[in-house]
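Student: Here it is, the structure in full.
Number of protein chains: 2
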Amino acid sequence: MSIKTPITVAYGDGIGPEIMQATLDILQAADAQIKPEVIEVGEKVYLQGYTSGIPDQAWESLKRTKVLLKGPITTPQGGGYKSLNVTLRKTLGLFANVRPCVSYAPYVPTQFPHIDLVIIRENEEDLYAGIEHRQTDEVYQCLKIISRPGCEQIIRYAFEYAQKFNRKKVTCLSKDNIMKMTDGLFHRIFNEIAAQYPDIEHDHLIIDIGTALIASQPERFDVVVTLNLYGDIISDVAAQIVGSVGLAGSANIGNRMAMFEAIHGSAPDIAGKNIANPSGLLNAAVQMLVHINQPETATLVENAWLKTLEDGVHTGDIYSSTYSKQKVGTQAFAAAVIERLGQTPSHFKPANYRPGAYAKIECYGDQYQTHSKKELVGVDIFIDNSAEIPAAQLAAKLKQLGGPLELIVISSRGLKIWPDSTIDFPYLRHCCCRFQSSKDSKQLKTIHHTDILKLLSGFNELGLDVIKTENLYTFDGQLGFTLAQGQ
Amino acid sequence: MSIKTPITVAYGDGIGPEIMQATLDILQAADAQIKPEVIEVGEKVYLQGYTSGIPDQAWESLKRTKVLLKGPITTPQGGGYKSLNVTLRKTLGLFANVRPCVSYAPYVPTQFPHIDLVIIRENEEDLYAGIEHRQTDEVYQCLKIISRPGCEQIIRYAFEYAQKFNRKKVTCLSKDNIMKMTDGLFHRIFNEIAAQYPDIEHDHLIIDIGTALIASQPERFDVVVTLNLYGDIISDVAAQIVGSVGLAGSANIGNRMAMFEAIHGSAPDIAGKNIANPSGLLNAAVQMLVHINQPETATLVENAWLKTLEDGVHTGDIYSSTYSKQKVGTQAFAAAVIERLGQTPSHFKPANYRPGAYAKIECYGDQYQTHSKKELVGVDIFIDNSAEIPAAQLAAKLKQLGGPLELIVISSRGLKIWPDSTIDFPYLRHCCCRFQSSKDSKQLKTIHHTDILKLLSGFNELGLDVIKTENLYTFDGQLGFTLAQGQ
Numbered sequence: 001m002s003i004k005t006p007i008t009v010a011y012g013d014g015i016g017p018e019i020m021q022a023t024l025d026i027l028q029a030a031d032a033q034i035k036p037e038v039i040e041v042g043e044k045v046y047l048q049g050y051t052s053g054i055p056d057q058a059w060e061s062l063k064r065t066k067v068l069l070k071g072p073i074t075t076p077q078g079g080g081y082k083s084l085n086v087t088l089r090k091t092l093g094l095f096a097n098v099r100p101c102v103s104y105a106p107y108v109p110t111q112f113p114h115i116d117l118v119i120i121r122e123n124e125e126d127l128y129a130g131i132e133h134r135q136t137d138e139v140y141q142c143l144k145i146i147s148r149p150g151c152e153q154i155i156r157y158a159f160e161y162a163q164k165f166n167r168k169k170v171t172c173l174s175k176d177n178i179m180k181m182t183d184g185l186f187h188r189i190f191n192e193i194a195a196q197y198p199d200i201e202h203d204h205l206i207i208d209i210g211t212a213l214i215a216s217q218p219e220r221f222d223v224v225v226t227l228n229l230y231g232d233i234i235s236d237v238a239a240q241i242v243g244s245v246g247l248a249g250s251a252n253i254g255n256r257m258a259m260f261e262a263i264h265g266s267a268p269d270i271a272g273k274n275i276a277n278p279s280g281l282l283n284a285a286v287q288m289l290v291h292i293n294q295p296e297t298a299t300l301v302e303n304a305w306l307k308t309l310e311d312g313v314h315t316g317d318i319y320s321s322t323y324s325k326q327k328v329g330t331q332a333f334a335a336a337v338i339e340r341l342g343q344t345p346s347h348f349k350p351a352n353y354r355p356g357a358y359a360k361i362e363c364y365g366d367q368y369q370t371h372s373k374k375e376l377v378g379v380d381i382f383i384d385n386s387a388e389i390p391a392a393q394l395a396a397k398l399k400q401l402g403g404p405l406e407l408i409v410i411s412s413r414g415l416k417i418w419p420d421s422t423i424d425f426p427y428l429r430h431c432c433c434r435f436q437s438s439k440d441s442k443q444l445k446t447i448h449h450t451d452i453l454k455l456l457s458g459f460n461e462l463g464l465d466v467i468k469t470e471n472l473y474t475f476d477g478q479l480g481f482t483l484a485q486g487q
Numbered sequence: 001m002s003i004k005t006p007i008t009v010a011y012g013d014g015i016g017p018e019i020m021q022a023t024l025d026i027l028q029a030a031d032a033q034i035k036p037e038v039i040e041v042g043e044k045v046y047l048q049g050y051t052s053g054i055p056d057q058a059w060e061s062l063k064r065t066k067v068l069l070k071g072p073i074t075t076p077q078g079g080g081y082k083s084l085n086v087t088l089r090k091t092l093g094l095f096a097n098v099r100p101c102v103s104y105a106p107y108v109p110t111q112f113p114h115i116d117l118v119i120i121r122e123n124e125e126d127l128y129a130g131i132e133h134r135q136t137d138e139v140y141q142c143l144k145i146i147s148r149p150g151c152e153q154i155i156r157y158a159f160e161y162a163q164k165f166n167r168k169k170v171t172c173l174s175k176d177n178i179m180k181m182t183d184g185l186f187h188r189i190f191n192e193i194a195a196q197y198p199d200i201e202h203d204h205l206i207i208d209i210g211t212a213l214i215a216s217q218p219e220r221f222d223v224v225v226t227l228n229l230y231g232d233i234i235s236d237v238a239a240q241i242v243g244s245v246g247l248a249g250s251a252n253i254g255n256r257m258a259m260f261e262a263i264h265g266s267a268p269d270i271a272g273k274n275i276a277n278p279s280g281l282l283n284a285a286v287q288m289l290v291h292i293n294q295p296e297t298a299t300l301v302e303n304a305w306l307k308t309l310e311d312g313v314h315t316g317d318i319y320s321s322t323y324s325k326q327k328v329g330t331q332a333f334a335a336a337v338i339e340r341l342g343q344t345p346s347h348f349k350p351a352n353y354r355p356g357a358y359a360k361i362e363c364y365g366d367q368y369q370t371h372s373k374k375e376l377v378g379v380d381i382f383i384d385n386s387a388e389i390p391a392a393q394l395a396a397k398l399k400q401l402g403g404p405l406e407l408i409v410i411s412s413r414g415l416k417i418w419p420d421s422t423i424d425f426p427y428l429r430h431c432c433c434r435f436q437s438s439k440d441s442k443q444l445k446t447i448h449h450t451d452i453l454k455l456l457s458g459f460n461e462l463g464l465d466v467i468k469t470e471n472l473y474t475f476d477g478q479l480g481f482t483l484a485q486g487q
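Chains Y and H, in that order, are what the protein sequence lines are.
Using the UniProt record's numbering, you'd call the opening residue of the first sequence number 1 and step up by one each time.
Using the UniProt record's numbering, you'd call the opening residue of the second sequence number 1 and step up by one each time.
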């Protein structure tokens, strides 16, 4: 390879500059064909007035190189500063968070010496879209949004990843026994896509059991794919039991851009002391080398690093009298890795990223276009019932409203409170009034948006305080909404 | 105590009848002052056509005794059968799931021999309200609903529990760094209520780190209080690492009703063989005895059970050649416990539920009434933009609509896509159009519901497919909604 690949580099805050320098020194010594362009992001930039933590000229470099190697960032408290990671993920469409979790026993103590799993976490959807509304004095809501393209993209990525990296199994985690529509979609698409990869095993676990098994039997997992919130939780569980928060790197991958970083923070308390462990960022850089199609260099660097680890050359964070031979600082550790370039580990399994097999994984979510017949058949009208009008009285009022829509059920927090409620003391202050074009869910007729508007006018005239609406649809005749508990 | 307390008893399915009989035999031998009324719930009842799994006459007993001791249930697959537990929790207002997790090392192998924590999980709200809507061909939504009374109730319960059971610390888990309004409310109320219990320590952890610590350092936790979904996940993690899924009981507590059960399932594969371990249900029964104010009997039973365990009299599920002396069946195990009534354990800390200190905990969530000034200041109108009209074009159309409301931002999955978007390929098919009475969030004026209706008519006339609305309010001048990423 003669043309160097331009990459954008951000040194970051705290220990960032030291560990980035150590990492770049190793990459240079390994003759990585990269041309770093340094940008400034993070604390200084925040304090200059960029609430996103990233100045305009940095964007320009990012959009050109499409690859970012990033040191840890300190987000200043208060002042409306936004997490740079969230900004980058969202605006650059980095839909996949890829987090390898590997045991390095006995050098890093863990009860599970054979963990070698990869968590692939959806990065753009779920509750983390952060769409929240306060609806009454007492009630707050957050929207969990899941889309078919979002699910397809991350799940296909997981299988492509498994294929390219010679992994045997992909496990899906969801809570589809409770969230039958949102998590149900994720599980269903997982099954659809798994069928296209017959050589890769697949299974599904409910998230509560799945998390418990990651905590207690992590060695049974290979590739794990899951939704944003669950992925956040299991990533921390896996990192903790592996015991290697200081050693792990992570990638955030989009179709047009990718970012690589250590999973640890900027550790300002030890900054500038030449004692920080650069391994997390170095492992992220190895992921980056594979991504930019320099697998031989990735192999060279990872093997030298593994050899350094098993030779007992350790920074203070993993130093132990039993397994360490030499306690070194950041720069000396980098020098030790450089010294071992070309060597292979004997205790650990050597890395061997095969040339040619690691082209960039691109996954688009709209390959499977659904075009179902969508029909508007009703509406859920939510009210702030601060006067605590009893459900039966509310129903009697609402029955006066004419039109093609009929009041079917009133519910509170998903629980039916009218008709035929057996609940002695329902929570009345937040009610959902469900109107359908027919009582019988099999006989639903199409209505018009104007029917809903008339209904809403009626609520208004009755002095009822509408806080939100959710339209009810059928898709190819299938109900596009859940029934209230007891409905 | 001379008057026997009536309790409702459901034997349940699978191993339910055997372990319930063993439990009741022990309670009787301990002279528990209870008068069991047997009801039939579960598989047989489902198959008789009760989709809720519980017949009407059973309700009658429950509502009278207000206490249910319940064996495990088999919910038949398919056929629209609803989980009996969910039905009971929701219709009886059982807002608190109380799950003690205790190590019984070395008799039950665990890497953590000193776990003694209690998880108190909110049971009625959160995503588990199960309110889901499919909004477009591709997009599904689930509502996460959190209320102030719901939070107050569970958090106060946790502190009352800690006080009565001599616990030292309550830890709150939430994800309020991301969900600042919903989880933020939970955390804020936790701080409010913690201040009323100065003798009890309190702290808060983000759920991802909290789950990782429960998995890796469970011995640092005492009482843990959290939201429904998180509680579900950490309950499984804790049960798994404690290694005692077969030994743990659980309570579901409401202000007017309580249910006690083992945490394991009905294990149909070993039903009727007299080999099942009745300890989970027995521990649930101990919780019940405390609840109905028979602490001496609870102490007697728990100590006899602990003594049996440390004497090495074990059922097959926990039998080991190292720590067991005698392998027994269900009935023989019950007989061994009965034999030891009056004895106290020496390896384990003896139970000692003090008389008088365990009155029923009642917690109502409406002690703190908020009456803020709520003003309607805008609306989020969500559309199914299946034609993928670009955001700028959409904005130009919407600008034509007059009225006191101004288009401020268009977002997709929480991410700003108009104006001044830096995103190259936004997801356009699901858009949120935010209208406010002023661009400046500090200058918001009150609008009327009719203004929103006019706007919705306008959308309709433009041929835009509205799928839902979320009104925007201020409460005492504070914004009741989050800003889109980049807004």
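From the three backbone atoms N, C-alpha and C, an ideal C-beta is built for every residue, glycine too.
The model shown is predicted, which means the values in this text are computed figures rather than measured ones.
Buried or exposed for Asn191/Y, going by 16 or more other Cβ atoms inside 10 Å?
Tutor: Its Cβ having fewer than 16 others within 10 Å, Asn191/Y is exposed.
Student: Would you report the Cα separation of Phe481/Y and Gly184/Y, rounded to the nearest angstrom?
Tutor: 13 Å
Student: In chain order, what residues of the stretch 125-137 of chain H put their CB closer than 7 Å to some CB of chain Y?
Tutor: Glu125, Leu127, Tyr128, Ala129, Gly130, Ile131, Glu132, His133, Arg134 and Asp137
Student: By a C-beta neighbour count over all protein chains shown, 10 Å radius and 16 as the cutoff for buried, is Leu376/Y buried or exposed?
Tutor: buried
Student: Quickly, what does DSSP pair Cys432/Y with across the bridge? List them, please.
Tutor: Phe382/Y and Ser411/Y
Student: Out of Leu62/H, Ala276/H and Val98/H, which has the shortest C-alpha to C-alpha gap to Lys327/H?
Tutor: That would be Ala276/H, whose Cα lies nearest to the Cα of Lys327/H.
Student: Can you list, in chain order, the residues of its chain whose CB lies under 8 Å from that of Gln196/Y, leaving out five sequence neighbours each side?
Tutor: Phe159
Student: Hey, would you say the C-beta of Val328/Y is under 6 Å away from at least one heavy atom of the ligand ADP?
Tutor: Judged by which ligands are present, the structure shown has none, so any question about the ligand ADP falls away.
Student: Applying a beta-carbon distance threshold of less than 9 Å, which residues of chain H neighbour Trp59/Y?
Tutor: Thr422
Student: Pairs of beta-carbons, one from the stretch 440-458 of chain Y and one from the stretch 99-107 of chain H, closer than 8 Å: are there three or more?
Tutor: By the C-beta criterion, the stretch 440-458 of chain Y is judged not to be in contact with the stretch 99-107 of chain H, since fewer than 3 inter-stretch pairs fall below 8 Å.
Student: Given this structure, state the Cα-to-Cα distance separating Lys468/H from Leu205/H, to the nearest angstrom.
Tutor: 34 Å
Student: Over the uninterrupted beta strand (DSSP E) stretch that includes Val118/Y, give me the two end residues.
Tutor: Asp116 to Glu122
Student: Rounded to the nearest angstrom, what separates Asn303/H and Ser346/Y at their Cα positions?
Tutor: 54 Å
Student: Does Ile200/Y get closer than 7 Å to chain H when you measure Cβ to Cβ?
Tutor: Using a CB distance cut-off of 7 Å, Ile200/Y does not count as an interface residue toward chain H.
Student: Checking contacts by CB at 7 Å: is Ile54/H closer than that to chain Y?
Tutor: no
Student: What separation, rounded to the nearest whole angstrom, lies between the Cα atoms of Ser320/H and Ile119/H?
Tutor: 29 Å
Student: So, using beta-carbon positions, are Glu470/Y and Asp384/Y closer together than 7 Å?
Tutor: no
Student: Contact check, Ala239/Y vs Glu261/Y under 8 Å by CB: the rounded distance?
Tutor: Incorrect: roughly 14 Å between the Cβ atoms, too far for contact.
Student: Nearest-angstrom Cα distance between Ile54/H and Ile253/H?
Tutor: 19 Å
Student: Over the uninterrupted beta strand (DSSP E) stretch that includes His204/Y, give me the two end residues.
Tutor: Glu201 to Ile206
Student: Taking 7 Å as the threshold (beta carbon to beta carbon), is Cys142/H in contact with chain Y?
Tutor: yes
Student: CA-CA distance, Tyr140/Y and Gly414/Y?
Tutor: 14 Å
Student: To test your reading of the DSSP string, which unbroken alpha helix (DSSP H) runs of 4 or more residues are found completely within the stretch 63-104 of chain Y?
Tutor: 84-91
Student: Rounded to whole angstroms, what is the Cα-Cα separation between Lys44/H and Tyr50/H?
Tutor: 9 Å
Student: Taking the beta strand (DSSP E) that Ser324/Y belongs to, which residues open and close that run?
Tutor: Note, Ser324/Y: premise wrong, no beta strand (DSSP E); not H, not E.
Student: Closer than 9 Å between beta carbons: that is the criterion. Which residues of the stretch 17-48 of chain H meet it against chain Y?
Tutor: none
Student: Quick check: what's the CA-CA separation for Asp13/H versus Asn274/H?
Tutor: 14 Å
Student: In angstroms, rounded to a whole number, what distance separates the CA positions of Gly180/Y and Gly150/Y?
Tutor: Residue 180/Y is actually Lys in this sequence, not Gly. About 17 Å.
Student: Quick check on DSSP: helix, strand or coil for Thr171/H?
Tutor: strand
Student: What distance in whole Å lies between the Cβ atoms of Asn97/H and Gly231/H, which are believed to be in contact at a cut-off of 8 Å?
Tutor: The beta-carbon separation of Gly231/H and Asn97/H, rounded to 7 Å, stays under the 8 Å limit for a contact.
Student: Less than 7 Å between CB atoms is the rule here; does Glu470/H satisfy it with respect to chain Y?
Tutor: yes
Student: Assuming the contact rule is C-beta atoms closer than 8 Å, Ile200/Y and Ile155/Y should be a hit. Round their C-beta distance to whole Å, please.
Tutor: So it is not a contact: roughly 12 Å between Cβ atoms.
Student: According to DSSP, is Lys307/Y helix, strand or coil?
Tutor: Looking at Lys307/Y - three-state DSSP - the assignment turns out to be helix.
Student: Can you tell me which of the three DSSP states Tyr128/H falls into?
Tutor: helix
Student: Could you name the residues of the same chain whose beta carbon sits closer than 7 Å to that of Leu462/H, not counting the 5 residues immediately before and after it, in chain order?
Tutor: Lys397
Student: Taking Cβ positions only, does Ala212/Y come closer than 7 Å to chain H?
Tutor: yes
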